[in-house]
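Participant: One structure, as structure tokens, below. Some questions next.
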Amino acid sequence: MVTILGNNSKEKLLMKCPPTRRHIVSILVMLYGFLALSSLSAQGFPPQTEFKLDSVNVGLAGIRIDSKIHTSSAGDLAQVAYFVSARPYREISIIVVPFGFKPGAEVVPVAAPGATGDYEEALRAFRESQGGIAQYAPVVKIFGRKTVGMSHLVSLPIDGPKPKLVSITEWVAEAGDRMWILRVSQEVSDLEAGEKAGDALADLTLTADRTLRNRSTLDTRSRARIAPAAPGTEGGLPSKAVGDLPLPAWWNGSDCDNNHFQAVSGQSSFRLGGVYRGVPACGPRPLAGGADVVASFPGVDQYEWECVELAKRYLYLAYGIDAYSANGKDMVQNYPGTLLQKVSNGTPGSAPQAGDVLSYGPATTYGHTSVVASSSVPSSGTCTGCIQVIEQNNSASGQATLSISNWTVTGGPYPVSGWLHYPAAVPSTPGSPSPGSSGSPGPVLSSATAQLSWGSSSGATYYSLGVRDLTTNALVVDTTTTGTSYAAALSPGRPYRWNVAACNATGCSSYTTPLYFQTPSSVPVMPGSTSPGSTTSPGPVLASATVQLSWGSSSGATYYSLGVRDLTTNALVVDTTTSGTSYTAALSPGRPYRWNVAACNATGCSSYTTPLYFQTP
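Here the sequence shown is numbered in my numbering, starting from 4 and rising by one per residue.
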């Protein structure tokens, strides 16, 4: 076991030294600490992970981090850094709440000095309301102080509709005029595994440098009106575009329900900036000192302007779905109807589409939700900043971007668990597939690289196609593409069969009728029966200076390459290709010549024939 000198030991050691020796001893103590930490790292402790959150440089150590760090943008109400991995689910979150603010995704009260006990009690009560079973939680160090945690085994729908056992361990600390929540959520198989999950967190530490004293990015400016009235307004309301949804009837003609909101709270409401199909994200964000104004929704009344108010307002205006009981993390799970599909994050081939409603933070207490405004995810299922959402009670602008990696949506204030999707109709089967014939073995193509093509299908977002090698019966191409063509590099001299289907998020059409074709053999054989000329120089004198060169056809050849050389000048006077088996060469009179020919296809060319010599008269 390696012992590291603590701060008190260091101070006492320095006090015993004469002033001229203190600097040397200080260096020795720092070196000793560095060697001790290096020794700990060598024993298998993970290295520290560093990131910036709410203007503070934070270090997390004593736990394995096996995914990308996601941190909130400056000014977002949810100041969170998280790491998440799936199957099994594992999430590490650090939530920061500056004094005077209340997080939109957590059950805790407004952050204030001395609020640690209130935060702990609120989290404990919430886990108990979830039916959580209390478990052992280790004492860890947060900003140099020993911090007692709490752990519960909870059944949660973390990555699909079926609940799974999750061990959730949480610590609360106060530092830098902020409240900090450190949360580790781990999918486990049973109670015993949950206990072991807590044991493994004993070496967890959270550190910060002097930036802990920095001012929060949620300063007083974030409470001000952050967006002017939308441009192009008429009588206080924005101009309506084709396809826009109507204003909610309960707004009584005032944009962002300003008349009602102002009458109740004494504050004006306004658009934040994010809009989808004419449905705006509204504010002010319900920060500390803000008003919780109740709006009379069809179904369940909602607070303005919480994140769920936007999602439920959109669902009602777009699909006539009455508001149902759900926090942000429950918008997908609690949806009671059948019109919309519940899609789990990480489902292969599925990405959020415009109009989908996302749920975030399955292990949080309230979570978050947003509405997808646009999506341009490629068939690879991986892109950066390709999903745009509108949201309330988080970003100042009411809009944000997400990314996707291998069909798993990343980014956002908390991990995305899934989304509600309105299924469009399955696209029709593509038309005009080419090349090939409906009967085997089909035509021989000109190249072993087959250019497969088909007509576009309305509503399709991608196409699924397959090519089978009929010699081996192996599916040599099994892929998707967003275009209407695909170049398949195949083996020469083989028979093949292929077909294609049109797909979108709802499903795929029927596959087209299989088409058969053959690729040309590897290299055609050398042509025979070449004429005129002899194999020895100078060769016969022909009857004309316009010479008819000819040769026999070669199986598998798609063209022929030939050359004629003037032996007087040594110039290659004919260097060409032709698809036929003859060529007429206009040559100079009274000259000796030599020529030969090769058979070719896309794979290559045969050897050239033995040169033949002749003379023009």
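Beta carbons are placed, not taken as given, at the ideal position from N, Cα and C, and that holds for glycine.
#1: Taking the alpha carbon of residue 303 as the point to measure from, which residue in 97, 61, 417 and 325 has its own alpha carbon closest?
#2: According to DSSP, simplified to helix, strand and coil, what is residue 86?
#3: Nearest-angstrom Cα distance between residue 143 and residue 195?
#4: So, is residue 222 buried or exposed, given that buried needs 16 or more other C-beta atoms within 10 angstroms?
#5: Is the distance from the Cβ of residue 381 to the Cβ of residue 422 below 7 Å?
#6: Measuring alpha carbon to alpha carbon, tell me which of 596, 531, 618 and 592 ends up nearest residue 585.
#7: In the DSSP assignment, find the alpha helix (DSSP H) that holds residue 127 and state where it starts and stops.
#8: Whose C-alpha, out of 73, 316, 578 and 99, is nearest the C-alpha of residue 87?
#9: Tell me whether residue 197 sits in a helix, a strand or coil according to DSSP, three-state version.
#10: Let me check understanding here. Comparing Cα to Cα, which of 154, 504 and 496 lies closest to residue 457?
#11: List, from N- to C-terminal side, the beta strand (DSSP E) runs of 3 residues or more that fit wholly inside the segment 137-220.
#12: Our contact map puts residue 548 next to residue 591 with C-beta atoms below 8 Å; I'd like the distance itself, whole angstroms only.
#13: Output the distance between the C-alpha atoms of residue 247 and residue 285, rounded to the nearest integer angstrom.
#14: Under the three-state reduction of DSSP, which class applies to residue 317: helix, strand or coil?
#15: Return the Cβ separation of residue 251 and residue 148 in integer angstroms, given the expectation that the two are a contact with Cβ distance under 8 Å.
#16: Could you give the DSSP three-state label for residue 574: helix, strand or coil?
#17: Could you check whether the segment 54-65 touches the segment 149-161, counting it as contact only if at least three pairs of C-beta atoms, one from each stretch, sit closer than 8 Å?
#18: Evaluate residue 604 with the Cβ neighbour count: other Cβ atoms within 10 Å of its Cβ, from every protein chain shown; 16 or more gives buried, anything less gives exposed.
#19: Return the residue from the list 186, 465 and 79 that minimises the CA-CA distance to residue 485.
#20: Could you spell out the range, first to last residue, of the alpha helix (DSSP H) harbouring residue 337?
#21: Please report the straight-line C-alpha distance between residue 482 and residue 410, rounded to a whole angstrom.
#22: Should residue 493 and residue 522 be called a contact, given that it needs their Cβ atoms to be closer than 7 Å?
#23: Can the beta-carbon of residue 160 be found closer than 7 Å to that of residue 336?
#24: Look at the alpha carbon of residue 470 and the alpha carbon of residue 306, and state the distance between them as a whole number of angstroms.
#25: Tell me the DSSP secondary structure of residue 267 in three-state form.
#26: Can you tell me whether residue 260 is helix, strand or coil according to DSSP?
#27: Which same chain residues, not among the five before or five after residue 439, have their C-beta less than 6 Å away from its C-beta?
#28: For residue 611 and residue 448, I'd like the C-alpha separation in whole angstroms.
#29: Given that a residue counts as buried once 16 or more other Cβ atoms are within 10 Å of its Cβ, and exposed if not, what is residue 46?
#30: Are the segment 71-85 and the segment 201-213 touching by the rule of at least three beta carbon pairs closer than 8 Å?
#31: Taking the runs of the beta strand (DSSP E) that are 3 residues or longer, which of them lie wholly in the segment 381-434?
#32: Could you compute how far the alpha carbon of residue 213 sits from the alpha carbon of residue 480?
#33: Locate the beta strand (DSSP E) running through residue 594, then write down its first and last residues.
#34: Relative to the alpha-carbon of residue 342, which residue among 361, 97, 595 and 427 has its alpha-carbon at the smallest distance?
#35: Would residue 310 pass as a contact of residue 372 if the rule is Cβ separation under 7 Å?
#36: Roughly how many whole angstroms lie between the Cα atoms of residue 645 and residue 527?
Facilitator: Taking the definition as stated:
#1: Residue numbering aside, residue 303 sits at position 300 when the sequence shown is read from its first letter. Nearest C-alpha to residue 303: 325.
#2: In the sequence shown, the residue the question calls residue 86 occupies position 83. Three-state result, residue 86: strand.
#3: Looking up residue 143 in the sequence shown gives position 140. Looking up residue 195 in the sequence shown gives position 192. Roughly 21 Å separates the two Cα atoms.
#4: Counted from its first residue, the sequence shown places residue 222 at position 219. Per the 10 Å Cβ criterion, exposed.
#5: Taking the sequence shown and counting its residues from 1, one reaches residue 381 at position 378. Taking the sequence shown and counting its residues from 1, one reaches residue 422 at position 419. No, the Cβ-Cβ distance between residue 381 and residue 422 is not below 7 Å.
#6: Numbered from its first residue, the sequence shown carries residue 585 at position 582. The shortest Cα separation from residue 585 among 596, 531, 618 and 592 belongs to 531.
#7: Numbered from 1 along the sequence shown, position 124 holds the residue referred to as residue 127. 119-132 is the extent of the alpha helix (DSSP H) around residue 127.
#8: Sequence index remark: in the sequence shown, residue 87 carries index 84 (1-based). Taking only the C-alpha atoms, the option nearest residue 87 is 73.
#9: Start at 1 with the first residue of the sequence shown, and residue 197 comes out as number 194. Helix, per DSSP.
#10: As a working note, residue 457 is residue 454 in the sequence shown. Taking only the C-alpha atoms, the option nearest residue 457 is 504.
#11: 143-145, 148-150, 152-159, 167-178, 181-190 and 208-211
#12: The residue labelled residue 548 in the question sits at position 545 within the sequence shown. The residue labelled residue 591 in the question sits at position 588 within the sequence shown. Correct: roughly 7 Å between the Cβ atoms.
#13: Taking the first residue of the sequence shown as 1, we reach residue 247 at position 244. Taking the first residue of the sequence shown as 1, we reach residue 285 at position 282. Looking at the two C-alpha atoms, the distance is approximately 16 Å.
#14: For the purposes of this step, residue 317 is taken as the residue at position 314 of the sequence shown. Correct three-state label for residue 317: helix.
#15: As a working mapping, residue 251 is identified with position 248 in the sequence shown. As a working mapping, residue 148 is identified with position 145 in the sequence shown. Not quite, the Cβ-Cβ distance comes to about 49 Å (not below 8 Å), so this is no contact.
#16: Against the sequence shown, residue 574 aligns to sequence position 571. Reduced to three states, the DSSP call for residue 574 is strand.
#17: no
#18: Position 601 of the sequence shown, counting from 1, holds the residue named residue 604. Buried, by the Cβ-count rule.
#19: Within the sequence shown, residue 485 is the residue found at index 482, counting from 1. Out of 186, 465 and 79, 465 has the C-alpha closest to the C-alpha of residue 485.
#20: Here residue 337 corresponds to residue number 334 of the sequence shown, with the count starting at 1. Counting along the chain, residue 337 falls outside any alpha helix (DSSP H), and DSSP gives it neither H nor E.
#21: As a first step, residue 482 must be located in the sequence shown, where it is residue number 479. As a first step, residue 410 must be located in the sequence shown, where it is residue number 407. Rounded to whole angstroms, residue 482 to residue 410 spans 15 Å at the Cα level.
#22: Numbered from 1 along the sequence shown, position 490 holds the residue referred to as residue 493. Numbered from 1 along the sequence shown, position 519 holds the residue referred to as residue 522. Yes; because the gap between Cβ atoms is below 7 Å, this pair is in contact.
#23: As a position in the sequence shown, residue 160 is number 157, starting the count at 1. As a position in the sequence shown, residue 336 is number 333, starting the count at 1. A contact, by the Cβ cut-off of 7 Å.
#24: Numbered from its first residue, the sequence shown carries residue 470 at position 467. Numbered from its first residue, the sequence shown carries residue 306 at position 303. The straight-line gap from Cα to Cα measures roughly 55 Å.
#25: Taking the sequence shown and counting its residues from 1, the one referred to as residue 267 is at position 264. Residue 267: helix per DSSP, three-state reduction.
#26: As a working mapping, residue 260 is identified with position 257 in the sequence shown. Of the three classes helix, strand and coil, the one that applies to residue 260 here is helix, per DSSP.
#27: If you number the sequence shown from 1, residue 439 lands on position 436. Cβ within range, chain order: 445, 518, 519 and 520.
#28: One-based indexing of the sequence shown puts residue 611 at position 608. One-based indexing of the sequence shown puts residue 448 at position 445. Roughly 23 Å separates the two Cα atoms.
#29: Counting from 1 along the sequence shown, the entry for residue 46 is found at position 43. Low confidence applies here, because residue 46 scores a pLDDT of 40, under 50, leaving its location unreliable; read the following figure in that light. It counts as exposed.
#30: no
#31: 386-393, 402-408, 411-413 and 419-424
#32: As a first step, residue 213 must be located in the sequence shown, where it is residue number 210. As a first step, residue 480 must be located in the sequence shown, where it is residue number 477. Cα-Cα distance, rounded: 57 Å.
#33: Locating residue 594 in the sequence shown gives position 591, where the first residue counts as 1. No beta strand (DSSP E) holds residue 594; DSSP gives it neither H nor E.
#34: Residue mapping note: residue 342 aligns to position 339 of the sequence shown, counting from 1. That would be 427, whose Cα lies nearest to the Cα of residue 342.
#35: Counting from one through the sequence shown, the residue named residue 310 turns up at place 307. Counting from one through the sequence shown, the residue named residue 372 turns up at place 369. Yes, Cβ-Cβ distance for residue 310 and residue 372 is below 7 Å.
#36: This structure cannot settle anything about residue 645, because the visible part of the chain is limited to 4 through 620.
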